[in-house]
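**Q** What follows is a single structure, and I will ask about it in a moment.
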Amino acid sequence: GLYYGSYMYKETWNIGVILLFLVMATAFVGYVLPWGQMSFWGATVITNLLSAIPYLGDTLVQWIWGGFSVDKATLTRFFAFHFILPFLVAGASIIHLLFLHETGSNNPTGLNSNPDKIPFHPYYSYKDLLGLLIMLFLLIIISLLTPNLLGDPENFTPANPLVTPP
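Numbering-wise, the UniProt record's numbering puts 20 at position 20 of the sequence shown, and it's gapless, one number per residue.
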């Protein structure tokens with residue numbers, strides 16, 4: 001985006017940055033949900049970073065925790081966030097696509113490429129549908145055959161605030 005000068009379309013760029021942070025937040029709260037050792041300490045470390053915000057950092061951290069430390073209340077809140085955030089991501093994606101439809105996307109040359117355009121449907125619709133089906137197939141195969149493939153071995157240890165991971 002920086003290389004192509006996409007930041008010049010402020011609305012599209014800002015919604016894209018908001019989307020980035022929403023997706024990162026969704027991934028983070030989802031990482032905490034297994035409530036293993038790595039999840040517990042990941043939640044502790046990342047939420048404690050918010051305490052660096054002047055004046056309201058400590059209050060914000062305690063509000064996110066639901067108490068004075070990472071506990072079951074935190075897990076409940078993160079589960080709620082993990083449920084709500086994808087809807088916000090979907091809404092922001094639609095807004096982002098509307099802005100992209102208005103402004104158009106950039107290319108590396110920065111030149112107007114209107115004469116080179118082809119219709120979206122059926123060319124790209126079928127191509128995107130095929131890519132989606134392949135990705136869904138791979139995701140289903142990985143999740144059904146090897147569900148713990150990408151998990152951290154330390155996360156199979158139950159969360160214990162008295163033991164830190166190595």
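Even for Gly, the Cβ is constructed at its ideal location relative to N, Cα and C.
1) Can you look up PRO115 in the DSSP assignment and give me helix, strand or coil?
2) Determine whether the beta carbon atoms of ALA92 and LEU150 lie at a separation below 8 Å.
3) Would you check if the distance between the CB atom of ALA73 and the CB atom of TRP65 is smaller than 8 Å?
4) On the CB-based measure, 16 or more other CB atoms within 10 Å of its CB, does HIS96 come out buried or exposed?
5) Identify which residue in PHE99, TRP63, ASN48 has its Cα closest to the Cα of THR76.
6) For VAL32 versus PHE78, is the C-beta spacing smaller than 8 Å?
7) To the nearest angstrom, how far is it from the Cα of TRP35 to the Cα of GLU11?
8) For the candidate residues LEU88, VAL61, HIS82, TYR4, whose alpha-carbon lies nearest to that of LEU49?
9) Along the alpha helix (DSSP H) that carries HIS82, what are the first and last residues, could you check?
**A** On the basis of the supplied data:
1) helix
2) Using a Cβ distance threshold of 8 Å, ALA92 and LEU150 do not count as a contacting pair.
3) Taking 8 Å as the Cβ cut-off, ALA73 and TRP65 qualify as a contacting pair.
4) With 16 or more Cβ atoms within 10 Å of its Cβ, HIS96 is classed as buried.
5) TRP63
6) yes
7) The straight-line gap from Cα to Cα measures roughly 38 Å.
8) VAL61
9) Judged by DSSP secondary structure, HIS82 falls within the alpha helix (DSSP H) whose first and last residues are 72 to 103.
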